[in-house]
Amino acid sequence: MHSPSSSFDASCFIRKFSLRKKKWPDDYVATGDRQSTITRGKHSSTPSSPTSPSFAFSSFSATVVPVSSASPQPLTSHALAELRAQFSEQLKCLDSKLDLDVTVMSELHEFYRRRALVEQDYSDALAKLVNSLKHKHSNETGKRPNWANYTTTTLWNTLLGTTLRLSDAHATLSEIFGKHMVQRLADMDEDANRLHKQCLDDSTGP
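Here you go:
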């Protein structure tokens, strides 16, 4: 029979073992000048946990590259000649664009001017047609006192009123084309020439 002093106390051993400080991977990371990483009896300075802040920042280092303060080298004659050729081509493109814009706007100006005349003639023709029929209708009304009570008479008056409103609409359209559109195209032509002149002045310098 074993004595009490020599018996193995299992409960005491388990309690002491549970009170030992557990070692996690982050506990073995080297911080500062102190190197506390011990793995299987070997010292290592490499962090064992990728989630450690020291591991995240220890692998990267900033490198400052000094900026050269040397003055730019002057252009060679070949480079200057190439720049002049490119500049000349750009000026030709500007001239071509101005010529095209002026030509198209001139054609649009003529189109809207003539379209305004056509709309005005159409408006006048419709108004003349309605007025002549109204005059004839007024003469016939005295001879037919019951004419206003028929459905056909109502349809007739509705048609005349619609035609007269159409005449007014074409008159308004003629005014828009003949005044507003023509003036707007003239302003656009002036702006195109002004911008072209400004580009030439900026390119030649003072």
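Positions 1 to 206 (UniProt numbering) are the ones given, in order, by the sequence shown.
Using N, Cα and C, we set each Cβ at its ideal position, and we do this for glycine too.
Assigned secondary structure, residue i (DSSP; H/G/I helix, E/B strand, else coil)
i, result
"residue 150", "coil"
"residue 158", "helix"
"residue 48", "Residue confidence for residue 48 is low, a pLDDT of 49 falling below 50, so the modelled location carries little weight; the figure read from the coordinates is stated next. Correct three-state label for residue 48: coil."
"residue 58", "Because the pLDDT at residue 58 is just 49, under 50, the model does not fix this residue reliably, and the value given afterwards should be weighed accordingly. Three-state result, residue 58: helix."
"residue 31", "Model confidence at residue 31 stands at a pLDDT of 47, short of 50, so the residue's coordinates are unreliable; what they give is reported in the following sentence. In this structure, residue 31 counts as strand in the three-state DSSP scheme."
Cutoff 8 Å: residue i Cβ touching any chain C Cβ
i, result
"residue 162", "Going by chain labels, chain C is absent from the structure shown, which holds only one protein chain."
Proximity below 8 Å, CB of residue i to CB of residue j
i, j, result
"residue 120", "residue 174", "yes"
"residue 186", "residue 109", "yes"
"residue 164", "residue 130", "yes"
"residue 101", "residue 192", "yes"
"residue 160", "residue 133", "yes"
"residue 171", "residue 106", "no"
"residue 182", "residue 114", "no"
"residue 116", "residue 177", "yes"
Per-residue burial, residue i [other beta carbons within 10 Å of its own, 16 or more giving buried]
i, result
"residue 203", "exposed"
"residue 78", "exposed"
"residue 75", "exposed"
"residue 195", "exposed"
Residue i: first and last residue of the uninterrupted alpha helix (DSSP H) it sits in
i, result
"residue 76", "Residue 76 -> no alpha helix (DSSP H), and no H or E assigned at all."
"residue 197", "182-204"
Residue i beta carbon near the ligand FAD (any heavy atom closer than 7 Å)
i, result
"residue 113", "Judged by which ligands are present, the structure shown has none, so any question about the ligand FAD falls away."
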